[in-house]
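Q:
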Ligand SMILES: Nc1ncnc2c1ncn2[C@@H]1O[C@H](COP(=O)(O)OP(=O)(O)OP(=O)(O)O)[C@@H](O)[C@H]1O
Ligand SMILES: [Mg+2]
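Protein chains in written order, with the UniProt record's numbering: chain E, 1 to 261; chain S, 1 to 219.
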């Protein structure tokens, strides 16, 4: 079996007096598609944000692709990572946000080409060629010259996915990428993600309330509650035969709220 | 018989000085506003402290006093400036201090989500500022910058105190020589107003250019 690409080792995350993650450990294999589910406030977003280095951690260690994420080696020991080190580690990871976070002053194409040109020194022509391929993949090639304000939510999110992919990260993080969308726009984004999962061997971590999609998409499902992994397993096991009472309660509530499985 | 065309010509010469002061003062103000405004949000304590000290000092003392210092006290430190240089320096630094707060506010107003997108796309802080934050912040700054430029225009009148022959100075000369108050002061009233109008229009044009296609940034 391959070595894990992500190794989270008893990390702690506190916001003031509130402990959100308390000694959490988990591993992710290269190419694995992981779904993180659980009630609101259980810490799912926090984990993705920590992996994207948008937060700091209060304790523990994280290893990504064989290297420490928040610590760098120095004089035989580990010290907190500096900005330059983080910059190098971030190359391995991309993230798609719930609210798209497109750059509103740049057209679709420029949104996608900006980071490759700035961070990797890719020439404009080459960056645009690659961007058009990606926009084509997410079905947005005909909107390359549009401004974000002219797009629907589903279109914005597909552009945001293309933008993250343009840097070719080894790991992609998706935080509730459809929950800000009108119901009729959800499917077009999920279709893109299905395609992505089928066509690439990227490692993907997905936080979602779309249980049906999590079931089809994921190799493994983690059920979180209060900052802890309560239960994990294959989608069929978690969704059809949850063993823990808290998982059962959560799924019952979600299904009662009208979500499909 | 009063030579009105000649006197009006004198006032127009003064108007030229006023325009010159306004343009050069604004240019300096913009430069220091960005330097100090970005300094205020720097991650280095010393830079923040320096920027804050500058802003507080120039907002806390009057342009009047600053001008006198620059003109009469700086020479003792071996720095002698022409009246025009002094005027530009005092106006630029004074208005720049207000502009700095505008820059800081606008940069802060571009929200966390945009900054986080930049981190996720692995931009450096400088790249994020230059390519993502500032272009959006600019559209928030422009309206207030327009007001600041008009304030600066109005502030130029104080330079007549250091014998710079701006529009107000010339109006006073004309008044002294002709004994007529209405005509010179009505003339500069109209001219100041037209200049302020030109600034407003210019800024509005700039604003439209900068915000083109960009909805939803200004909230
Ligand atoms: N910046 C912050 N300051 C203080 N508390 C925070 C902050 N961010 C998150 N929290 C708290 O951390 C806990 C976990 O939040 P998180 O966003 O990770 O939950 P989640 O599982 O993603 O929930 P949801 O399904 O609602 O998105 C919550 O109790 C939340 O209130
Ligand atoms: Mg969340």
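Quick reminder that beta carbons are idealized off the backbone N, C-alpha and C, glycines included.
For clarity, every value in this text was computed on a predicted model and none was experimentally measured.
How is residue 262 of chain E classed by DSSP in three states: helix, strand or coil?
A: No answer is possible for residue 262 of chain E: it lies beyond the span of chain E, which begins at 1 and ends at 261.
Q: When you compare only the Cα positions, how much space is there between residue 117 of chain E and residue 36 of chain E?
A: Cα atoms of residue 117 of chain E and residue 36 of chain E: separation of roughly 32 angstroms, rounded to the nearest angstrom.
Q: For residue 217 of chain S and residue 4 of chain E, what's the separation of their Cα atoms in angstroms?
A: Note that residue 217 of chain S scores 44 on pLDDT, short of 50, meaning its location in the model is unreliable; the coordinates nonetheless yield the value given after this. So the two alpha carbons sit approximately 41 angstroms from each other.
Q: Which residues bound the beta strand (DSSP E) around residue 9 of chain E?
A: 6 to 15
Q: For residue 52 of chain S, collect the residues of the same chain with a Cβ closer than 7 angstroms to its Cβ; drop the 5 residues on either side in sequence, then sort them by chain order.
A: 40
Q: Please report the Cβ distance between residue 142 of chain S and residue 203 of chain S, rounded to the nearest whole angstrom; I am assuming they are in contact, meaning their Cβ atoms lie under 8 angstroms.
A: 6 angstroms
Q: Would you report the Cα separation of residue 59 of chain S and residue 148 of chain E, rounded to the nearest angstrom?
A: 39 angstroms
Q: For residue 18 of chain E, count neighbouring Cβ atoms within 10 angstroms of its own Cβ and tell me buried if that reaches 16, exposed if not.
A: exposed
Q: Do residue 119 of chain E and residue 170 of chain E have their C-beta atoms within less than 8 angstroms of each other?
A: No.
Q: Return no unless some Cβ of chain E is closer than 8 angstroms to the Cβ of residue 41 of chain S.
A: Not an interface residue.
Q: Give me the residue from S/184, S/6, S/45, S/64 with the minimum Cα distance to residue 94 of chain S.
A: S/64
Q: Quick one, which residues of the stretch 105 to 131 of chain E are near chain S if we go by CB-CB under 7 angstroms, in chain order?
A: Result list: 105, 114, 115, 118, 119.
Q: Pick helix, strand or coil for residue 13 of chain S, following the three-state DSSP scheme.
A: helix
Q: Go through the stretch 56 to 95 of chain E residue by residue and report every complete run of the alpha helix (DSSP H) that reaches 4 residues or more, in order.
A: 83 to 90
Q: Checking contacts by CB at 8 angstroms: is residue 132 of chain S closer than that to chain E?
A: yes
Q: Between residue 197 of chain S and residue 147 of chain S, what straight-line distance do the alpha-carbon atoms span, to the nearest angstrom?
A: 11 angstroms
Q: How about residue 157 of chain S: is its C-beta nearer than 8 angstroms to some C-beta of chain E?
A: no
Q: So which residues on chain E does residue 206 of chain S lean against when the C-beta distance must stay under 7 angstroms?
A: Neighbours of residue 206 of chain S on chain E: none; closest Cβ ~15 angstroms, over 7 angstroms.
Q: Nearest by alpha-carbon distance to residue 273 of chain S: which of E/51, E/252, E/181 is it?
A: This structure gives no information on residue 273 of chain S, because the portion of chain S shown stretches from 1 to 219.
Q: Would you verify that the beta carbon of residue 106 of chain S is, or is not, closer than 8 angstroms to some beta carbon of chain E?
A: no
Q: Which of the three DSSP states is assigned to residue 232 of chain E in this structure?
A: strand
Q: Is residue 176 of chain E near ligand 2 - that is, is its Cβ less than 7 angstroms away from at least one heavy atom of it?
A: yes
Q: Express the C-alpha separation of residue 48 of chain S and residue 174 of chain E in angstroms, rounding to a whole number.
A: 36 angstroms
Q: Chain S partners of residue 91 of chain E, CB-CB under 9 angstroms?
A: 122
Q: Would you mind telling me which residues of chain S sit closer than 8 angstroms to residue 202 of chain E, beta carbon to beta carbon, in chain order?
A: Per Cβ cutoff of 8 angstroms: no residues; residue 202 of chain E is ~15 angstroms from chain S at best.
Q: Excluding the 5 residues preceding and the 5 following residue 155 of chain E in the sequence, name in chain order all residues of the same chain whose CB lies nearer than 7 angstroms to its CB.
A: 140, 143
Q: Specify the secondary structure class of residue 171 of chain E as computed by DSSP and reduced to three states.
A: strand
Q: State yes or no: is the C-beta of residue 191 of chain S nearer than 7 angstroms to some heavy atom of ligand 1?
A: no
Q: Taking the C-alpha atoms as reference points, what is the distance between residue 189 of chain S and residue 152 of chain S?
A: 16 angstroms
Q: Given this structure, state the Cα-to-Cα distance separating residue 134 of chain S from residue 32 of chain S, to the nearest angstrom.
A: Residue 32 of chain S has its alpha-carbon roughly 15 angstroms from the corresponding atom of residue 134 of chain S.
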